[in-house]
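K.L.:
Before anything else, here's the structure in question.
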Amino acid sequence: MLSIEKKLNLKIKNIFQSLDFDEKFAFVKPSDRPDLSDFQCNGALALAKTLKQNPRDIGQKIADSLACDNDIDSVSVDGPGFINIKLNSLFIAQNTDEMAADGRLGCTKTDAKKKIVMDFGGPNVAKALHVGHLRSAVIGESIRRTLEFVGHDVISDVHFGDWGTPMGMILAELIEKDGDLSKVKTYNIDDISNVYKQANTRAKEDEAFKEKARIITAQLQNGNQEYVDAWKHLRAVSVAAVKENYDELQAHFDLWLGESDAHQTCKEIIALAEQTGVSEVDEGATIIRLPQTNKPMPPVILVKSDGGVGYQVTDIATIKMRVDNLKADEIIYVVDKRQSLHFEQVFKVAQMLQIAQNVSLEHVGFGTVNGQDGKPFKTRDGGVMNLKDLIEMSKEKVRSSMPKAGEVQGYGADEIEKLVSEVAMAAIKFQDLKNTASSGYVFELDDFAKFEGKTGPYIQYAIARINSILKKAEEMGIKPDCVVIDSPDERTLALRLGAFENIVNRAANEKEPSIIADYAYQLAQIFSSFYNVCSIINAQDNVLQASRLRLAKLTRDVLIKALYLLGIDAPEKMLKAND
Ligand code: ARG
0 MLSIEKKLNL KIKNIFQSLD FDEKFAFVKP SDRPDLSDFQ CNGALALAKT LKQNPRDIGQ
60 KIADSLACDN DIDSVSVDGP GFINIKLNSL FIAQNTDEMA ADGRLGCTKT DAKKKIVMDF
120 GGPNVAKALH VGHLRSAVIG ESIRRTLEFV GHDVISDVHF GDWGTPMGMI LAELIEKDGD
180 LSKVKTYNID DISNVYKQAN TRAKEDEAFK EKARIITAQL QNGNQEYVDA WKHLRAVSVA
240 AVKENYDELQ AHFDLWLGES DAHQTCKEII ALAEQTGVSE VDEGATIIRL PQTNKPMPPV
300 ILVKSDGGVG YQVTDIATIK MRVDNLKADE IIYVVDKRQS LHFEQVFKVA QMLQIAQNVS
360 LEHVGFGTVN GQDGKPFKTR DGGVMNLKDL IEMSKEKVRS SMPKAGEVQG YGADEIEKLV
420 SEVAMAAIKF QDLKNTASSG YVFELDDFAK FEGKTGPYIQ YAIARINSIL KKAEEMGIKP
480 DCVVIDSPDE RTLALRLGAF ENIVNRAANE KEPSIIADYA YQLAQIFSSF YNVCSIINAQ
540 DNVLQASRLR LAKLTRDVLI KALYLLGIDA PEKMLKAND
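Printed below as a string of structure tokens:
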């Protein structure tokens, strides 16, 4: 099916053709002034410029043709030459019927399917996931689901941080503590992260220890068997721990590769850079100087003077692997925007080495989660907030506003806990995703889990409410049928539903989940106003009953899909304390 916007674009295109105007300008967009129009076409302005004619005259010609179309109620040319279009309600109603009958809710699959590799998560061995990892997982997963829904072939890779100096530090600390590495297999994730913390503190005070860790890192990377064996255990335990975290966040990874998997390819990259004369030796290190831009662009260090390879080379090598082995057309990194210089350097080198020809490389940088003081979010005692603790805190909040096990029929301890978890995750994720990815936000401790306001639970509640309306209607034998637009509220709701495809495509193109979050919130509000005025069960006749029921059902389905694209579950029913 074609959405209203696409149908309108076709109409405009035909008109442009018949008037011999350049089709490049034949586009409509949802109106900025919904009080005046449903859609607008601003093409007359740009077109007039190229034709050196009066934009109002051009606009009027287009408007006159549009006015002959039965699907259009009225057209006006306003201001310097904006064409404002108001649609016929019958046209909107028919479109809504088509959408209700369409399994993809009016969202056509892209005809430019790409293989997209997504790099998000980025956890490190031996470190518990903290609040800094939240955004990468939440934003990354939403973009992943959206791109997949649009029809792309998406492969997500967690890109585990398992190969740098921290590895040598842990091994050095273990040797310091136990004399050797014989006990390493008895260490669980808590032990390992404690050892890592101790290693960090020691490295700050003890130069000799730091040196030892550096040497161990280099030996590990060069295949020292004892170190490799110990490292394998550290890695496996860490992967198992973060998997649990990501499962709870419902972030899906197709690949669990890490920096270490790029080791061989790093050597190829270094050789390639030497052969092509891209690299040079500088004070014992092999570096690549980058073309200077309007900001400082430090060189990339391929091989450190001690022979070790760093974070930048692994990322460059990983690009080569993703292009050669996975046949990526596009690679997207959802990583803290404080790493943007790193990605600029890495992408530049990929281009200089010609390892990613015709592949688009994009860093979707996000801002930090802040506390009330505007600084990165901390625990009350000033430490880094663990993701697990943050989730538990959110659950505690939700639990307190819900009935206890056994208070509501059919809700024992397990059912209540499942609901608590679904609502708590919705609260955390929505609070994150309602903000544009690139800006930071203040973690709101009081309002984020409320059932009112711009929250995840509010939208879950709106869905559950429609579910109960649908159930009641079904019990009364009412069936959804053709949409009839009888009142302004029905019209507004139907039009907004019709915009879903545009919203999904924009979110996918801009890699911006907040577009979907805004839409879901707005749609839930529009439905609420509609339902206040337009009763379903008490509608004046069967035709209206059936039409409104279809609108309600479609709203529910679109809201569920929108939440799905945000990585949020929609419980069938919601409970409040004293329900
Ligand atoms: N492990 C890194 C860190 O903690 C993030 C990895 C991001 N992804 C990447 N391909 N560099 O900073």
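With numbering that gives the first Met the number 0 applied, the sequence shown covers 0 to 578. Quick reminder that beta carbons are idealized off the backbone N, C-alpha and C, glycines included.
What ranges does the alpha helix (DSSP H) occupy inside the region 110-169, keeping only unbroken runs of at least 4 residues that lie completely in it?
P.N.:
Counting whole runs of 4 or more residues, the region 110-169 contains the alpha helix (DSSP H) stretches 130-149.
K.L.:
Could you check which residue in A284, V345, I71 and I535 has the C-alpha nearest to that of P290?
P.N.:
Closest option to P290, Cα to Cα, is V345.
K.L.:
Whose C-alpha, out of R234, M168 and T216, is nearest the C-alpha of Y186?
P.N.:
Here the closest residue by C-alpha is R234.
K.L.:
Which two residues bound the contiguous alpha helix (DSSP H) that contains I268?
P.N.:
Unbroken alpha helix (DSSP H) run through I268: H262 to Q274.
K.L.:
Output the distance between the C-alpha atoms of V149 and I515, rounded to the nearest integer angstrom.
P.N.:
Approximately 13 Å, taken between the alpha carbons.
K.L.:
Tell me whether V299 counts as near ligand 1, meaning its Cβ is closer than 6 Å to at least one heavy atom of that ligand.
P.N.:
False, no ligand heavy atom lies under 6 Å from that Cβ.
K.L.:
Mind checking whether the beta-carbon of V334 lies closer than 6 Å to any heavy atom of ligand 1?
P.N.:
Checking every heavy atom of ligand 1 against the Cβ of V334, one is found closer than 6 Å.
K.L.:
Is the region 134-150 close to the region 184-201, with three or more CB pairs under 8 Å?
P.N.:
At 8 Å Cβ cutoff, the stretches do not touch.
K.L.:
Output needed for G370: all residues of its chain with C-beta closer than 8 Å, excluding positions within five of it in sequence on either side, in chain order.
P.N.:
Here the set comprises F376, K377, V441 and F442.
K.L.:
Indicate the three-state DSSP secondary structure (helix, strand or coil) for V368 in the structure shown.
P.N.:
Strand, per DSSP.
K.L.:
So for S75, helix, strand or coil by DSSP?
P.N.:
Three-state DSSP puts S75 in a strand.
K.L.:
Compare the Cα-Cα distances from D70 to each of S155, L7, S17 and N385 and report the closest residue.
P.N.:
Comparing Cα positions, the closest option is L7.
K.L.:
If I measure Cβ to Cβ from S75 and keep anything under 6 Å in the same chain, skipping five residues before and after, which residues do I get?
P.N.:
Taken in chain order, the residues that qualify are N83.
K.L.:
Decide if the region 87-96 is in contact with the region 487-503; the criterion is three or more beta carbon pairs, one per stretch, under 8 Å apart.
P.N.:
At 8 Å Cβ cutoff, the stretches touch.
K.L.:
Rank R213, L9 and D156 by C-alpha distance to the C-alpha of G167 and give the top, closest one.
P.N.:
That would be R213, whose Cα lies nearest to the Cα of G167.
K.L.:
On a CA-only basis, which of C106, A136, S17 and L46 is nearest A507? Give me that one, please.
P.N.:
The option with the nearest alpha carbon to A507 is C106.
K.L.:
With distances taken from CA atoms, which of G364, D517, I14 and S17 is nearest L432?
P.N.:
The residue with the shortest Cα to Cα distance from L432 is D517.
K.L.:
Going residue by residue through the region 330-398, where are the continuous alpha helix (DSSP H) segments of at least 4 residues, counting only ones entirely within it?
P.N.:
If we require 4 residues or more, the alpha helix (DSSP H) runs fully inside the region 330-398 come out as 339-351.
K.L.:
If A461 and S527 are in contact, beta carbons under 8 Å, what's the gap, nearest whole angstrom?
P.N.:
Confirmed, Cβ separation roughly 7 Å.
K.L.:
Contact between the region 119-135 and the region 160-179 is defined here as three or more beta-carbon pairs at a separation below 8 Å; is this criterion met?
P.N.:
Touching, yes, given that three or more Cβ pairs across the two stretches are closer than 8 Å.
K.L.:
Please state if the CB of L18 and the CB of K48 are separated by a distance shorter than 7 Å.
P.N.:
Contact: no.
K.L.:
Tell me whether the beta-carbon of I138 lies closer than 7 Å to the beta-carbon of F365.
P.N.:
In this structure, F365 lies closer than 7 Å to I138 by Cβ.
K.L.:
Any chance the CB of D314 is under 6 Å from a heavy atom of ligand 1?
P.N.:
Yes, since a heavy atom of ligand 1 falls inside the 6 Å radius drawn around the Cβ of D314.
K.L.:
Going by the C-beta, is H158 closer than 6 Å to any heavy atom of ligand 1?
P.N.:
Yes, since a heavy atom of ligand 1 falls inside the 6 Å radius drawn around the Cβ of H158.
K.L.:
Would the beta-carbon of V27 fall within 7 Å of that of F20?
P.N.:
Their beta carbons are not under 7 Å apart, which means V27 does not touch F20 by this criterion.
K.L.:
Could you give the DSSP three-state label for N83: helix, strand or coil?
P.N.:
N83: strand per DSSP, three-state reduction.
K.L.:
Who pairs with L254 in a beta bridge, going by DSSP?
P.N.:
According to DSSP, which records beta bridges pairwise, L254 is partnered with D156.
K.L.:
Suppose the cutoff is 7 Å on Cβ atoms and the five residues either side in sequence are ignored; what does the same chain contact list for D246 look like?
P.N.:
Nothing listed; no residue qualifies.
K.L.:
Given I188, which residues of its chain have a CB within under 7 Å of its CB, disregarding the five upstream and five downstream residues?
P.N.:
Cβ neighbours of I188 beyond the five flanking positions: V236, S237 and A240.
K.L.:
Quick check: does the Cβ of N123 come within less than 6 Å of any heavy atom belonging to ligand 1?
P.N.:
Yes - ligand 1 has a heavy atom lying nearer than 6 Å to the Cβ of N123.
K.L.:
Hey, quick one: how far does the beta strand (DSSP E) through L583 stretch, first residue to last?
P.N.:
With the chain covering 0 to 578 only, the question about residue 583 has no answer from this structure.
K.L.:
Can you list, in chain order, the residues of its chain with a C-beta nearer than 7 Å to that of Y226? Leave out the 5 residues immediately preceding and following it.
P.N.:
If we look at Y226 and ignore the five residues flanking it on each side, its Cβ neighbours are L170, I215, Q218 and L219.
K.L.:
For V441, which residues does DSSP report across the bridge?
P.N.:
Answer by DSSP bridge pairing, in chain order: N369.
K.L.:
Less than 6 Å between C-beta atoms, sequence neighbours within five positions excluded: which residues of the same chain meet that for L548?
P.N.:
Cβ within range, chain order: A472, I477, P479 and I535.
K.L.:
Exposed or buried, R379, counting other C-beta atoms within 10 Å across all chains shown (16 or more means buried)?
P.N.:
Flag for R379 reads exposed.
K.L.:
So, using beta-carbon positions, are A426 and F447 closer together than 7 Å?
P.N.:
Contact: yes.
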